[in-house]
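Presented below is the structure to which this report refers.
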Amino acid sequence: MDAAAALFAERGYAATSTRMIAERVGVRQASLYYHFRTKEQILAEMLEATVRPSVDYAAALSAQGLGPADTLRALVRYDVGVLLGARWNIGILYALPEIATEPFAHFRAGREQLRVTYRELAGGVIPGDLILGLVESVIGMRRDLAVLPPHDQLQDAIAAAALRLIEND
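Take 4 as the starting number for the sequence shown in our numbering and just add one per residue.
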């Protein structure tokens, strides 16, 4: 997966072939196909890894019975941490037109589940979508900044901004 992520980041998704991925890993293309049938399956698994942990964490938080503000703070911090902690900035590929196709349906469903959770915690569509945008802003920061602020500071700052959004609503 690291080899594919590196190639997607370096060359772009469309310009990366399974042959290139296999060469980077140092295996035959047939060996790669044993684990992944298609390039789409590789990307789908990578993308799902950017939302699945946060969806699971949101469910665990819900079971704890915290209030909306505490749940929101914890989820935002965690979600930002997932996006910052990934070795490669795969979130940058969220906007690819291919993401709207069937191979990526599970990823889209997970991301939509996160969107709905943020809307519920924020008390509305607009603040919830703004909060999701704040969380995903770290994708652009990873792309644009040579050096990121410490992750815990970014997590705290984005969580605080999310809470200010719902306080002013």
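Ideal placement from N, C-alpha and C gives every residue a C-beta, glycine not left out.
Since this is a predicted model, take the numbers as computed values, not measurements.
Any contact of the region 145 to 164 with the region 96 to 104, i.e. 3+ C-beta pairs under 8 Å?
-> no
Kindly give me the distance between the Cβ atoms of Val141 and Leu166, rounded to whole angstroms, as I take these residues to be in contact under 8 Å.
-> That pair is no contact at about 17 Å.
Coarse secondary structure for Met4, derived from DSSP in three states = coil
Below 9 Å between beta carbons: does that hold for Val54 and Gly127?
-> no
Residue environment, Gly68, which counts as buried when at least 16 other CB atoms sit within 10 Å | exposed
Report yes or no: is there a C-beta of chain B within less than 9 Å of the C-beta of Glu48?
-> This model lacks chain B altogether, as it is built from one protein chain only.
Extent of the continuous alpha helix (DSSP H) run through Thr120 | Ala108 to Ala125
Got a sec? Which residues, its chain only, sit under 6 Å from Ala7 by beta carbon, not counting five neighbours each side?
-> Ile24 and Ile45
Could you name the residues of the same chain whose beta carbon sits closer than 8 Å to that of Tyr146, not counting the 5 residues immediately before and after it, in chain order?
-> Note on residue identity: the sequence assigns Arg, not Tyr, to residue 146. Asn92 and Ile95, listed in sequence order.
Exposure of Thr41, with buried meaning 16 or more beta-carbon neighbours within 10 Å = exposed
Take Val58 and list the residues in its own chain whose beta-carbon comes closer than 7 Å to its own, dropping the five residues that flank it on each side.
-> Gly113, Gln116 and Leu117
Extent of the continuous alpha helix (DSSP H) run through Glu170 = His154 to Glu170
Simplified DSSP assignment, three categories, for Ala103 = helix
Assigned secondary structure, Ala47 (DSSP; H/G/I helix, E/B strand, else coil) | helix
Taking DSSP as the reference, what is the three-state secondary structure of Leu75?
-> helix
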